[in-house]
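Colleague: The opening position of the sequence shown corresponds to residue 31 in the numbering used here, with each subsequent residue numbered one higher. Backbone N, C-alpha and C define an ideal beta-carbon position, used for all residues, glycine too. Following this message is one structure expressed as structure tokens.
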Amino acid sequence: MSATADPAAARAAGTILCPDWLLADAGAAPEAGHAIRVVGENVDAVGPRDAIERSHPGDEVIELPDRIVLPGFVNAHVHMYGLLAHGIPQDEAPSGFWPFLQDYWWPKVEDGLDHEMIAAAANWACTEMLRSGTTTFLDILEAPNTLPGGLDAQAEAVAQCGLRGILSFEATERSGPEVANAGLDENVRFIESCRAAHRGPEESRPLVSGLVSIHTLFTCSDDFVLDAFHRAAELGVLVHAHCNEGVHEGEWCESHHGHRTLEHYDSLGVAGPNFLASQVVHLSDNERRILADRNVRCSHMPLANGEVGGGIAPIPELLEAGVTVGLGSDGYVNDIYEVMRCAFLIHKARLRDPGVMNAHQVLEMATTGGAEALDLDLVGRLAPGWSADLQVLDARFPTPVTAANLAEQVVLFRSAHHVESVMVGGSWRLRNGDVLAGDPDRQRARLQQQALRLWSSA
Ligand SMILES: [Zn+2]
């Protein structure tokens, strides 16, 4: 059965994609022989290809044999500047989460960043994300020496690649009150400038937008946290913070406030649907209850939690409790296929139960879960009226594909190199493996140069 959003749109010329399989919604069964019709920025119809083709004889029809079309991934948490630290020389690995921040990440990475470096990283990060099927992301920049204007330096690169990007500056008081306030100001100014710059028709959604980020409770005072939430509420955007990434923050809160991290956010009256808590690795039973009862949004970074020796977040338990969870790369391995594989496997090992975290749940976190975590409407699913953000994936598996096994085949046995084409907001951004805007070879050379600059100053 074919569903059409709007009779006026149905008369307009559109593009009909005809893959072998359409996985329009990560939580539902895939359909063989279904097509998807795209008009302008949005999906106009999905359903059996014959019916869609019959209804729209003037459309461009793109045959996609041996291919799956599925929603583009939402990377709910990335630090594009993190690319500059890949392979950075270190005398020895940090001895824990706190030394990781204090002795390595803050002085040797974040404090050394400038506009040229973060723009080069953003360019390459967008290329990497496109090549691995990601169409939407939230970036969190912490780079005190890029204030003001760091977000604009990144935004230019994002707009060039054509991804749907939410950019934020992670404000923190660790470098003093002036930098702290400049960080919040950067978010507010950027959000307002994105809104002012958006000149499309009313129904058109801007690709680049912003939200407010703060670091953690151990780097932000109560007044500062409340100021961030107040400013975000005035703008109608979320506040994002890293939450209990290692054991440090919960223990710090217990010794400074007499209760744990999420209990403290709750006591400040800000634990609610306007709060996006990333990481959520170390949670007491009461903190889990707070996340669920207050509808706090969460994001899960299993690979990066490994990198910092952080631990394994209780994600199956949070999903069971009804918490909205997206998946993120944390700027580490920015390939959601790898992140999905880790999320699929690591909770089975932790809980010694191969039945937890099925492939549909993982795909949902990578698509609709991420979009809901970022409070994005009409993103993450391919349905009439939703954004035409999709990827075309090679479906030539060595074993038969069925509606029952397709999700698991994708999560376990597909990788970035199987992503053939990517569309964002109805426009192709990657086609047959080629990034359509920008030159990846030049981007890579530029990032190499900027990484060397950072490494030599560290
Ligand atoms: Zn992070």
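(1) Give me the residue from His-109, Asp-55, His-86, Leu-94 with the minimum Cα distance to Phe-103.
(2) My guess is that Ile-196 and Gly-240 are in contact by the Cβ rule of under 8 Å, so how many angstroms apart are they, rounded?
(3) Check whether the Cβ atoms of Arg-411 and Pro-49 lie closer than 7 Å to each other.
(4) Does Ile-366 pass the burial test, meaning 16 or more other C-beta atoms within 10 Å, or should it be called exposed?
(5) I'd like to confirm something about Gly-360: is its beta-carbon nearer than 6 Å to some heavy atom of ligand 1, or not?
(6) Could you have a look at Val-69 and say whether DSSP puts it in helix, strand or coil?
(7) Evaluate His-330 with the Cβ neighbour count: other Cβ atoms within 10 Å of its Cβ, from every protein chain shown; 16 or more gives buried, anything less gives exposed.
(8) Exposed or buried, what is Gly-352 when buried is set at 16 or more other beta-carbons lying within 10 Å of its beta-carbon?
(9) Within the same chain, show all residues whose beta-carbon is closer than 7 Å to that of Ala-106, passing over the 5 residues directly before and after it, in chain order.
(10) With DSSP as the reference, label Pro-95 as helix, strand or coil.
(11) Which residues share a DSSP beta bridge with Glu-61?
(12) Mind pulling the alpha helix (DSSP H) runs of 4 or more residues that sit fully within the region 78-123?
(13) Pick helix, strand or coil for Leu-477, following the three-state DSSP scheme.
(14) Quick check: Gly-341 and Gly-70, are their CB atoms within less than 7 Å of each other?
(15) How many angstroms separate the CA atom of Ile-221 from the CA atom of Asp-74?
(16) Considering only C-alpha positions, which residue in the set Val-242, Arg-204, Ala-185 is nearest to Ala-227?
(17) Roughly how far, in whole angstroms, is the beta-carbon of Asn-191 from the beta-carbon of Arg-459, given that I think they are within contact range, below 8 Å?
(18) Comparing alpha-carbon positions, which option in Met-110, Asn-364, Pro-428 lies nearest Thr-164?
(19) Spatial neighbours of Ala-437 within its chain, please: CB distance less than 6 Å, with the 5 preceding and 5 following residues excluded, ordered by chain position.
(20) Is the beta carbon of Arg-327 closer than 7 Å to that of Thr-354?
(21) Would you call the region 367-383 in contact with the region 310-325, where contact means no fewer than 3 C-beta pairs closer than 8 Å?
(22) Which residues in the same chain as Glu-284 place their Cβ atom closer than 7 Å to its Cβ, once the five residues preceding and following it in sequence are excluded?
(23) One question on the structure: do Ile-118 and Trp-485 come within less than 7 Å of each other, judged by their Cβ atoms?
(24) What number of angstroms, rounded off, separates the C-alpha of Gly-385 from the C-alpha of Pro-346?
(25) In three-state terms, what does DSSP make of Asp-407?
(26) Could you compute how far the alpha carbon of Ala-481 sits from the alpha carbon of Asp-182?
(27) State the start and end residues of the unbroken alpha helix (DSSP H) segment that holds His-287.
(28) Among Gly-302, Ala-201, Ala-373, which one has its Cα closest to the Cα of Ala-13?
(29) Rank Gly-180, Ala-187, Leu-306 by C-alpha distance to the C-alpha of Leu-160 and give the top, closest one.
(30) Just to confirm the assignment, what range does the beta strand (DSSP E) spanning Glu-200 have?
(31) List in chain order: all unbroken beta strand (DSSP E) runs of 3+ residues lying wholly within the region 231-275.
(32) Check whether the region 249-267 touches the region 198-215, taking contact to mean three or more Cβ pairs, one atom from each stretch, closer than 8 Å.
(33) By DSSP, does Phe-130 sit in helix, in strand, or in coil?
(34) Could you name the residues that DSSP lists as bridge partners for Cys-328?
(35) Going by the CB atoms, is the gap between Val-310 and Phe-130 shorter than 7 Å?
Modeller: Put simply:
(1) Taking the sequence shown and counting its residues from 1, the one referred to as residue 103 is at position 73. Of His-109, Asp-55, His-86, Leu-94, the residue nearest in Cα terms is Asp-55.
(2) Working through the sequence shown from its first residue, we reach residue 196 at position 166. Working through the sequence shown from its first residue, we reach residue 240 at position 210. Ile-196 to Gly-240, Cβ: 6 Å. Contact.
(3) Looking up residue 411 in the sequence shown gives position 381. Looking up residue 49 in the sequence shown gives position 19. The Cβ-Cβ distance between Arg-411 and Pro-49 does not fall below 7 Å.
(4) By one-based count along the sequence shown, residue 366 stands at place 336. Flag for Ile-366 reads buried.
(5) Numbered from its first residue, the sequence shown carries residue 360 at position 330. Sequence check: residue 360 is Asp here, not Gly. For ligand 1, a non-hydrogen atom lies closer than 6 Å to the CB of Asp-360.
(6) As a position in the sequence shown, residue 69 is number 39, starting the count at 1. In the three-state reduction of the DSSP assignment, Val-69 falls in the strand class.
(7) The residue labelled residue 330 in the question sits at position 300 within the sequence shown. So His-330 counts as buried.
(8) Indexing the sequence shown from 1 puts residue 352 at position 322. Gly-352 is exposed by the Cβ-count criterion.
(9) For this step, residue 106 is matched to residue 76 along the sequence shown. Same-chain partners within the cutoff: Leu-168, Ser-329, Gly-356, Leu-357, Gly-358, Gly-400, Ala-403, Leu-404.
(10) Along the sequence shown, read from residue 1 onward, the residue named residue 95 stands at position 65. Strand.
(11) Sequence index remark: in the sequence shown, residue 61 carries index 31 (1-based). Paired residues: Leu-52.
(12) Listed in chain order, the complete alpha helix (DSSP H) runs (minimum 4 residues) inside the region 78-123 are 79-85.
(13) Taking the first residue of the sequence shown as position 1, residue 477 is located at position 447. Taken through DSSP and simplified to helix, strand or coil, Leu-477 comes out as helix.
(14) Looking up residue 341 in the sequence shown gives position 311. Looking up residue 70 in the sequence shown gives position 40. Contact flag unset, no.
(15) Locating residue 221 in the sequence shown gives position 191, where the first residue counts as 1. Locating residue 74 in the sequence shown gives position 44, where the first residue counts as 1. Linking Ile-221 to Asp-74 through their CA atoms gives a straight-line distance of about 29 Å.
(16) Counted from its first residue, the sequence shown places residue 227 at position 197. Distances from the CA of Ala-227 to each of Val-242, Arg-204, Ala-185 were compared; the closest alpha carbon is that of Ala-185.
(17) Within the sequence shown, numbered from 1, the residue matching residue 191 stands at position 161. Within the sequence shown, numbered from 1, the residue matching residue 459 stands at position 429. The sequence as given places Cys at residue 191; Asn does not occur at that position. Indeed they touch by this definition, with Cβ atoms about 7 Å apart.
(18) Here residue 164 corresponds to residue number 134 of the sequence shown, with the count starting at 1. Nearest to Thr-164 by C-alpha distance, out of Met-110, Asn-364, Pro-428, is Asn-364.
(19) Position 407 of the sequence shown, counted from the first residue, corresponds to residue 437. So the qualifying residues of the chain are Ala-389, His-390, Leu-393.
(20) Taking the sequence shown and counting its residues from 1, the one referred to as residue 354 is at position 324. Taking the sequence shown and counting its residues from 1, the one referred to as residue 327 is at position 297. Contact flag set, yes.
(21) Segments in contact, no.
(22) Position 254 of the sequence shown, counted from the start, is the residue given in the question as residue 284. The beta carbon of Glu-284 lies closer than 7 Å to those of Arg-290 in the same chain, with the five residues before and after it left out.
(23) By one-based count along the sequence shown, residue 118 stands at place 88. By one-based count along the sequence shown, residue 485 stands at place 455. Result yes, Cβ atoms of Ile-118 and Trp-485 sit closer than 7 Å.
(24) Locating residue 385 in the sequence shown gives position 355, where the first residue counts as 1. Locating residue 346 in the sequence shown gives position 316, where the first residue counts as 1. The C-alpha of Pro-346 is placed about 11 Å away from the C-alpha of Gly-385.
(25) As a working note, residue 407 is residue 377 in the sequence shown. DSSP places Asp-407 in the coil class of the three-state scheme, outside both helix and strand.
(26) Taking the sequence shown and counting its residues from 1, one reaches residue 481 at position 451. Taking the sequence shown and counting its residues from 1, one reaches residue 182 at position 152. About 20 Å.
(27) As a position in the sequence shown, residue 287 is number 257, starting the count at 1. Counting along the chain, the unbroken alpha helix (DSSP H) around His-287 starts and ends at 278-287.
(28) Residue coverage of the chain in this structure runs from 31 to 488, which leaves residue 13 outside it and unanswerable.
(29) For the purposes of this step, residue 160 is taken as residue 130 along the sequence shown, with counting starting at 1. That would be Ala-187, whose Cα lies nearest to the Cα of Leu-160.
(30) The sequence position of residue 200 within the sequence shown is 170, counting from 1. Unbroken beta strand (DSSP E) run through Glu-200: 194-201.
(31) With a minimum length of 3 residues, the continuous beta strand (DSSP E) runs that stay inside the region 231-275 are 238-240, 242-244, 269-273.
(32) With a cut-off of 8 Å, the region 198-215 and the region 249-267 count as touching, because enough Cβ pairs lie within range.
(33) By one-based count along the sequence shown, residue 130 stands at place 100. DSSP places Phe-130 in helix when its eight states are reduced to three.
(34) In the sequence shown, the residue the question calls residue 328 occupies position 298. DSSP, once it has assigned bridges, lists Ala-307, Val-355 as partnering Cys-328.
(35) Translated into the one-based positions of the sequence shown, residue 130 becomes position 100. Translated into the one-based positions of the sequence shown, residue 310 becomes position 280. The answer is no: Cβ separation not under 7 Å.
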